[in-house]
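Right, one structure below, let's go through it.
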Amino acid sequence: MNPTTDPVLVITTMTAADVDGFDADRAAQALADVKVVRGFIDRHEAAVTSHLRRLHERGESAPASDLHTRSGGVSAKEARRKERRAKALEQAPAVADALANGVIGAEHADVLANVTNRLDEAIVSTFFDHQHDLARDASRMTPEQFGRSCLDLVRLLERDEGLERAERQRRETELSKRVDRDGMYVLTARMHPELGHAVFNAIDAEVAALVKSAGDRAVDRGRIGAEALGNLVAGGHQAIRAIEAEIRLHVDATSLLDGIHEDSVCELDDGTPLPPTSVRRLLCNGRIVPIIIDADGVALNVGRQQRLATRTQRRALRAMYRTCAFHGCDVAFNRCEIHHIHEWELGGPSDLDNLLPLCSRHHHEVHEGGWTLRLAPDRTLTIRQPDGSVFATSPPQIANRRSRPSDGSTGPPSPPQDHRSGEPPNQLLLTA
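Using our numbering, read the sequence shown as starting at 13 and increasing by one per residue.
As structure tokens, then:
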């Protein structure tokens, strides 16, 4: 390693520096120093992640992404991104060296991961044969420019006039949705050209109609575009499935009657908070199906008459879990499968005491990976690795969330008190 990029020497310089005394040139150099240190750390993290992946394949470790969420303090989404980055760097040592030396940044490595993540293995192997060229290009390009360059290389490697690419584009067509920290709904879609063209044309036509209806008023075309998409989707949904519920609300009785309090639950089904006034307005327009939650925040039993969880049982579970119940996982409840802790095939009942929401990956880890789950009467979940060691212990995600220890351990919680009667409040799941 070049001494000028030795991260130990750079850190020593950084710790001795007086940032307030920097002029513009020294501040720019400080940013370059940060890049060197960060590149070294990112490369080291990728190496550790790759090693964890190999340990997991031998049954000697939890999945790397789960350890990232538990020990690295990152979201499940970020943990998966780090796994993809490590896999790409493992196949391109020249790029990994450039990252370790601070020549490129982690965003360049992420470009490689994103470009190659869904390519056929033959194309990926040939692509990484150009690793030295890729490292050189990354060193003189922004991540955006590097991404376009990588896609150009992929096209050169394809020999079928784009037929395989067209088929791959159809396979990769997808839409993801999430709610950001500000409570805004975010849609991200990747569509094959035919579908994308049709969708864009429909949105453009609806935007034109909305702009025309606005007359001489100034319009924000970005906002109008979002409204146009919403109009198209909501209108189509209403035409096809007019009788299905569209809005689900979770609210405790005290919040509904008196407003927000210390232990309020007042949110949409996916965890997005709403003000009680908005909830009251929505309740005026819909059918209401209540599920009562007891003083500990645990949903009352709603039956066990069939193998699959009933719609009512799923509603009850959603009142306790926003996401996959596995510690640190952020896959939304609506995308989870309902797992029988005591397997149905072995006599396990379809009872709430035996049901948990798990994402597909963690469901697989439990059934095929040898992990075991134990659910206490208060729904404290203990997760054990295949070797029997405890991976994590955590309570339900919503019940008494402010009165439980922040580290996820199980101490004796104090039940939240109703501000009017001194009694623990009940929670209602309200479906409008």
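For every residue, glycine included, the Cβ atom is placed at its ideal position computed from N, Cα and C.
Please report how far the alpha carbon of residue i lies from the alpha carbon of residue j, in whole angstroms.
{"i": "proline 398", "j": "phenylalanine 338", "result": "15 angstroms"}
{"i": "glycine 360", "j": "histidine 352", "result": "7 angstroms"}
{"i": "leucine 165", "j": "glutamate 218", "result": "37 angstroms"}
{"i": "threonine 394", "j": "aspartate 216", "result": "51 angstroms"}
{"i": "alanine 76", "j": "alanine 201", "result": "27 angstroms"}
{"i": "alanine 328", "j": "leucine 367", "result": "11 angstroms"}
{"i": "asparagine 346", "j": "alanine 29", "result": "50 angstroms"}
{"i": "glutamate 274", "j": "isoleucine 410", "result": "13 angstroms"}
{"i": "arginine 96", "j": "valine 31", "result": "35 angstroms"}
{"i": "serine 362", "j": "phenylalanine 139", "result": "49 angstroms"}
{"i": "proline 285", "j": "glutamate 279", "result": "4 angstroms"}
{"i": "glutamate 156", "j": "alanine 104", "result": "19 angstroms"}
{"i": "threonine 154", "j": "glutamate 377", "result": "38 angstroms"}
{"i": "threonine 405", "j": "tyrosine 333", "result": "15 angstroms"}
{"i": "serine 137", "j": "alanine 210", "result": "34 angstroms"}
{"i": "valine 370", "j": "alanine 344", "result": "Looking at the sequence itself, residue 370 is leucine, so the reference to valine does not match. Those two C-alpha atoms are separated by around 10 angstroms."}
{"i": "lysine 94", "j": "leucine 168", "result": "28 angstroms"}
{"i": "aspartate 145", "j": "serine 151", "result": "10 angstroms"}
{"i": "alanine 321", "j": "arginine 92", "result": "29 angstroms"}
Using 8 angstroms for Cβ pairs, my map puts residue i next to residue j. What's the rounded Cβ distance?
{"i": "serine 276", "j": "serine 267", "result": "4 angstroms"}
{"i": "cysteine 341", "j": "alanine 88", "result": "5 angstroms"}
{"i": "alanine 121", "j": "leucine 111", "result": "6 angstroms"}
{"i": "phenylalanine 34", "j": "alanine 42", "result": "6 angstroms"}
{"i": "arginine 55", "j": "alanine 100", "result": "At roughly 12 angstroms, the Cβ-Cβ gap does not stay under 8 angstroms, so arginine 55 and alanine 100 are not in contact."}
{"i": "alanine 106", "j": "alanine 147", "result": "4 angstroms"}
Tell me, which residues are paired with residue i by DSSP?
{"i": "leucine 199", "result": "Lys189"}
{"i": "alanine 404", "result": "Ile395"}
{"i": "glutamate 279", "result": "His262, Pro285"}
{"i": "leucine 385", "result": "Ile395"}
So, is residue i buried or exposed, given that buried needs 16 or more other C-beta atoms within 10 angstroms?
{"i": "aspartate 78", "result": "buried"}
{"i": "leucine 163", "result": "exposed"}
{"i": "alanine 388", "result": "exposed"}
{"i": "valine 22", "result": "buried"}
{"i": "arginine 233", "result": "exposed"}
{"i": "proline 437", "result": "Note that proline 437 has pLDDT 41, beneath the 50 cutoff, so the model's placement of it is unreliable and no number is given."}
{"i": "methionine 196", "result": "exposed"}
{"i": "threonine 384", "result": "exposed"}
{"i": "glutamine 325", "result": "buried"}
{"i": "asparagine 213", "result": "exposed"}
{"i": "asparagine 129", "result": "exposed"}
{"i": "glycine 114", "result": "buried"}
{"i": "isoleucine 116", "result": "buried"}
{"i": "alanine 220", "result": "exposed"}
{"i": "alanine 36", "result": "exposed"}
{"i": "histidine 374", "result": "buried"}
{"i": "aspartate 45", "result": "buried"}
{"i": "proline 19", "result": "buried"}
{"i": "alanine 98", "result": "buried"}
{"i": "threonine 25", "result": "exposed"}
{"i": "proline 205", "result": "exposed"}
{"i": "proline 287", "result": "exposed"}
{"i": "arginine 299", "result": "For arginine 299, the pLDDT reaches just 49, beneath the cut-off of 50, and the residue's location in the model is therefore unreliable, leaving the point undetermined."}
Establish whether the CB of residue i and some CB of chain B are separated by less than 8 angstroms.
{"i": "leucine 329", "result": "Among the chains of the structure shown, chain B does not appear; only one protein chain is present."}
Could you tell me whether any non-hydrogen atom of the ligand MG is closer than 7 angstroms to the CB of residue i?
{"i": "arginine 182", "result": "The model depicted lacks the ligand MG and carries no ligand whatsoever."}
Which residue spans inside the segment 200–245 form an unbroken alpha helix (DSSP H) run of at least 4? As far as the segment 200–245 is concerned, its whole alpha helix (DSSP H) runs of at least 4 residues are 205–225.
Where are the alpha helix (DSSP H) runs, 4 residues long or more, that stay fully inside the segment 309–374, in chain order? 323–330
Length-filtered (3 minimum) beta strand (DSSP E) runs lying within the segment 82–166: none
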